[in-house]
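Notes to accompany the following structure.
2 protein chains.
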Amino acid sequence: MDSNDAPLGYDAFRRTCPSHTVLEMLASKWVYLTVCALRRGRMRNGELARKLEGITPKMLTQTLRVLERDGLVRREVYPVIPPRVEYELTELGQNLAGLLSQIRSWAEEHAPDIKDARARASANRQDDMAVLP
Amino acid sequence: MDSNDAPLGYDAFRRTCPSHTVLEMLASKWVYLTVCALRRGRMRNGELARKLEGITPKMLTQTLRVLERDGLVRREVYPVIPPRVEYELTELGQNLAGLLSQIRSWAEEHAPDIKDARARASANRQDDMAVLP
DNA sequence: GTCATTACTATCCATAAGGTGCCTATATAT
DNA sequence: ATATATAGGCACCTTATGGATAGTAATGAC
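So the sequences go chain by chain: E and Z. For the first sequence, the working numbering begins at 1 and goes up steadily by one. For the second sequence, the working numbering begins at 134 and goes up steadily by one.
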């Protein structure tokens, strides 16, 4: 059994395994970014909306609801006017945030490499075109 | 500057940053699983199709093309009959595979926690229902 | 009275993701 | 002659996702 095999009967490669659905949930750029943003500490909806450039209110709410449902984020409502709601990572969420931050760092570090690779790929497609009559 | 700030001008929180598009590319369960599967070593299309339970041939091809375009996977074609094509991680891909494997392990380890959280969440919704007329 | 604030909800719509089925090539085996 | 194996491509269709837009509540400021 190597590190590609499941440790305790859970195997993300199997469609029906609970861990597979967890992976599905994590496979969203807004989940990544929201969890990373909350690493700093609790934030309000508006703060998150400003931090997560380009997110729509709908997506933000939807993402936070999923994270809350799955026990990664805690939502605290202050019964005041105007409304005040704060979000923070649970312990489980903080645990995950470390990993997701590494992915984010990786993306930032290797963005140039991937940009180059994409440029080469599209250049090759140009070449293919060039040899056609 | 804390670990949530970008190190070299790259910032995945910014919509137009190249690292944001990298994150978008990574945010796919099939990308996760394909890269994890290739960690063992080079594999043929058919092997991958069997390993990635539930993937359609179309999605498999599409995922491999994206990974190849972005320089994470190398595709080698043997000009034989019947066709033989092998895929393997590039150095960049292997670099990433370590991180993605950690995510996969996390998903497998914490699948029970998240299952519980989901169960609690839906139980609470039931409660909400119960107090309605 | 009405405007701003805040954190949402509720719609609608365009796009994208994903699924299905059929097609290609050719050497070997039956 | 027909079937099999392999790695796709291509066209079509349905569903899901994301985005845009507008609306809600309750209060204090003006």
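C-beta: ideal position from N, C-alpha, C; glycine also.
Limits of the alpha helix (DSSP H) - the one that residue i falls within
i: E:E47; result: N45 to K51
i: Z:A160; result: Note, Z:A160: premise wrong, no alpha helix (DSSP H); not H, not E.
i: Z:V199; result: P190 to R202
Chain Z contact for residue i (CB, 8 Å cutoff)
i: E:P18; result: yes
i: E:L64; result: no
i: E:R44; result: no
i: E:L23; result: yes
i: E:I103; result: yes
i: E:R69; result: yes
i: E:G54; result: yes
i: E:A123; result: no
CB contact check: residue i to chain E, cutoff 8 Å
i: Z:R148; result: yes
i: Z:V210; result: no
i: Z:L222; result: no
i: Z:L193; result: no
i: Z:G174; result: no
i: Z:L181; result: no
i: Z:A160; result: yes
i: Z:R251; result: yes
i: Z:E219; result: no
i: Z:I214; result: no
Coarse secondary structure for residue i, derived from DSSP in three states
i: Z:R208; result: strand
i: Z:H153; result: helix
i: Z:V218; result: strand
i: Z:S255; result: helix
i: E:D11; result: coil
i: E:V80; result: coil
i: E:R104; result: helix
i: Z:V264; result: The pLDDT assigned to Z:V264 is 47, lower than 50, so where the model puts this residue is not dependable; a value taken from the coordinates is nonetheless given after this. Looking at Z:V264 - three-state DSSP - the assignment turns out to be coil, as it is neither helix nor strand.
i: Z:G231; result: helix
i: E:T34; result: helix
i: E:G93; result: helix
i: Z:M134; result: Here the model assigns Z:M134 a pLDDT of 48, short of 50, so the residue's position is not dependable, and the following value carries that caveat. In the structure shown, Z:M134 sits in coil (DSSP, three-state: anything other than H, G, I, E or B).
(Q) Would you call the segment 97-116 of chain E in contact with the segment 35-50 of chain E, where contact means no fewer than 3 C-beta pairs closer than 8 Å? (A) Output reads yes: the segment 35-50 of chain E touches the segment 97-116 of chain E.
Q. Are the segment 10-24 of chain E and the segment 214-234 of chain Z touching by the rule of at least three beta carbon pairs closer than 8 Å?
A. These segments do not touch.
Q) Can we say the segment 236-253 of chain Z touches the segment 197-216 of chain Z, given the rule of at least three CB pairs closer than 8 Å? A) Not touching, per the Cβ criterion.
Q: Take every Cβ of the segment 241-251 of chain Z, pair it with every Cβ of the segment 13-23 of chain E, and state whether three or more of those distances are shorter than 8 Å.
A: Verdict: yes, contact present.
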